[in-house]
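First comes the structure, then the notes that go with it.
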Amino acid sequence: MNIYQQIEAEIKAASNIVITSHKSADGDSIGSSLGLLRFIQKLGKTARVCHPDPAPNFLYWLDTSGFLLMTEQPEEVAAAFETADLVFCLDYNATNRIGPDMQALLEAVTCKTVMIDHHLNPEAFPTLTVSETTASSTSELIVELIEQSGNGALLDSEIGTPLYLGILTDTGSFRFPSTKPRTHEILAKLLGAGVEHHLVHEALSDNNTASRLRLQGYAMCEKLEIMEDYMVAIISLSKEELAKYNYQKGDTDNLANQALSIKGMKAAIVFTERDGIMKMSFRSKGVENPVNVLAAEHFNGGGHANASGGMSELSVTETVEKIKGLVPSYFSIQ
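Using UniProt numbering, read the sequence shown as starting at 1 and increasing by one per residue.
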């Protein structure tokens with residue numbers, strides 16, 4: 001029995017299943033959670049999705065109305081954990097990635113837990129672990145679960161659409177090195193199952209608000225700094241600047257990729273002042289320019305070699321100066 005068949009057996013034996021994912025929801029955390037939920041329902045079981053916080057606005061076209069949020073429904077989330085007999089941990093590999101309140105609930109459960117994730121250096125907290133660091137996304141691994149547990153016939157557009165979304169967003173529209181031949185094989189399976197990929201792209205691309213575009217335009221025009229000796233771009237946005245452009249969650253998500261698209265750029269670092277800290281996004285190109293080590297060693301973060309997150313408790317100005325001081329140690333001069 002392979003690991004995916006073991007997970008299927010646990011699903012079928014469970015009565016109260018909880019699906020969790022990391023803070024600061026993104027396309028892969030939402031897509032993998034929703035795809036797994038619908039697969040579990042196809043198996044005739046019930047599950048609740050419990051996330052730390054809401055999805056960003058650009059994902060509201062997905063039906064996440066049944067999700068329980070720690071920030072909005074703490075009592076319902078706590079009750080779901082207390083009655084759970086199986087908990088899934090999707091798209092994260094350390095319990096502190098779900099925030100302190102939900103972390104306490106997860107670490108208190110006595111039932112079996114299942115990690116399905118693709119990030120480096122997983123902690124050894126789950127009962128069952130699928131940790132495939134070469135996979136493009138956790139959504140790709142949910143497709144593997146469905147296929148390799150012998151349930152490929154259940155894959156349809158309802159399950160497949162959020163999983164396609166998760167793969168699409170975590171691969172940067174299939175441009176990152178994590179996009180492997182197997183990724184395209186899985187995408188073909190999703191299209192064969194009825195996923196209308198063009199509608200997913202339209203839903204993601206054609207949902208800008210005027211304020212979001214103005215904020216992004218301001219960031220690129222007024223806040224973009226380029227360390228030309230190293231070809232590293234930096235964008236910083238204070239809480240006042242975000243408020244001026246009526247910032248909504250998700251409005252700055254693509255800024256790092258936009259900056260990285262500048263000809264010759266090796267890396268881009270974007271940070272925004274929110275909730276009293278600087279939330280940071282690191283993006284880079286090529287195996288010779290990893291950003292996860294920089295994020296982990298200096299900004300309490302980490303992730304993939306070319307796509308990582310982090311945070312800083314310094315001021316905007318101090319964070320910019322810290323980054324500029326560190327860049328020469330992590331990127332070669334032109």
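Cβ atoms here follow ideal geometry from the backbone N, Cα and C, with glycine treated the same way.
Quantities reported herein were computed from a predicted structural model and do not represent experimental measurements.
- Of the residues Ala233, Ser15 and Thr134, the one whose Cα lies closest to the Cα of Lys266 is Ala233.
- Judged by DSSP secondary structure, Thr127 falls outside any beta strand (DSSP E); it is assigned neither H nor E.
- Excluding its 5 nearest sequence neighbours in each direction, Ile40 has C-beta neighbours in its own chain below 7 Å: Ile11, Ile17 and Ala47, listed in chain order.
- Between the beta-carbon of Ser131 and that of Asp117 there is about 6 Å, and that keeps the pair under the 8 Å contact cut.
- One alpha carbon belongs to Gly286, the other to Asn306, and they sit about 7 Å apart.
- With respect to the 8 Å criterion, Asp85 and Cys111 are classified as neighbours on the basis of their beta carbons.
- Under DSSP, no beta-bridge partner is assigned to Asp28.
- In the structure shown, Ala55 falls within a coil segment according to DSSP collapsed to helix, strand and coil.
- Residue pairing by DSSP places Glu273 opposite Met278 in a beta bridge.
- No Cβ-Cβ contact shorter than 8 Å links Pro74 with Lys249.
- Here DSSP, grouped into helix, strand and coil, assigns Val316 to helix.
- In the structure shown, the three-state DSSP call for Val143 is helix.
- Phe88: member of the beta strand (DSSP E) spanning Leu86 to Leu90, first to last residue.
- Ile116 carries a strand assignment under DSSP once its states are collapsed to helix, strand and coil.
- In the structure shown, Leu237 falls within a strand segment according to DSSP collapsed to helix, strand and coil.
- The three-state reading of DSSP puts Ala296 in helix, counting H, G and I together.
- When DSSP states are grouped into helix, strand and coil, Arg212 belongs to the helix group.
- Among the bridge pairs identified by DSSP, Met311 is matched with Lys279.
- Within its own chain, the residues whose Cβ lies closer than 7 Å to the Cβ of Lys223, once the five positions on either side in sequence are excluded, are Ile235, Ser236 and Leu237, listed in chain order.
- The straight-line gap separating the alpha-carbon atoms of Leu105 and Arg97 is approximately 13 Å.
- Per the C-alpha coordinates, the member of Ala14, Phe299, Lys324 and Leu69 positioned closest to Lys45 is Ala14.
- Here the C-alpha atom of Ser139 lies approximately 7 Å from the C-alpha atom of Tyr164.
- Looking from the CA of Gln148, the closest CA among Phe81, Tyr4, Pro100 and Gly301 belongs to Tyr4.
- The beta carbon of Gln258 lies closer than 6 Å to none in the same chain, with the five residues before and after it left out.
- In this structure, DSSP gives Ser33 a helical state, which the three-state scheme calls helix.
- In this structure, Asp251 and Gly166 do not form a Cβ contact; the two beta carbons are roughly 20 Å apart against a cut-off of 8 Å.
- The beta-carbon distance between Asp91 and Ser32, rounded to whole angstroms, is 6 Å. This is short enough to meet the 8 Å contact definition.
- For the pair Thr113 and Gly303, the Cα-to-Cα distance works out to about 22 Å.
- The beta-carbon separation of Asn292 and Phe331, rounded to 14 Å, does not stay under the 8 Å limit for a contact.
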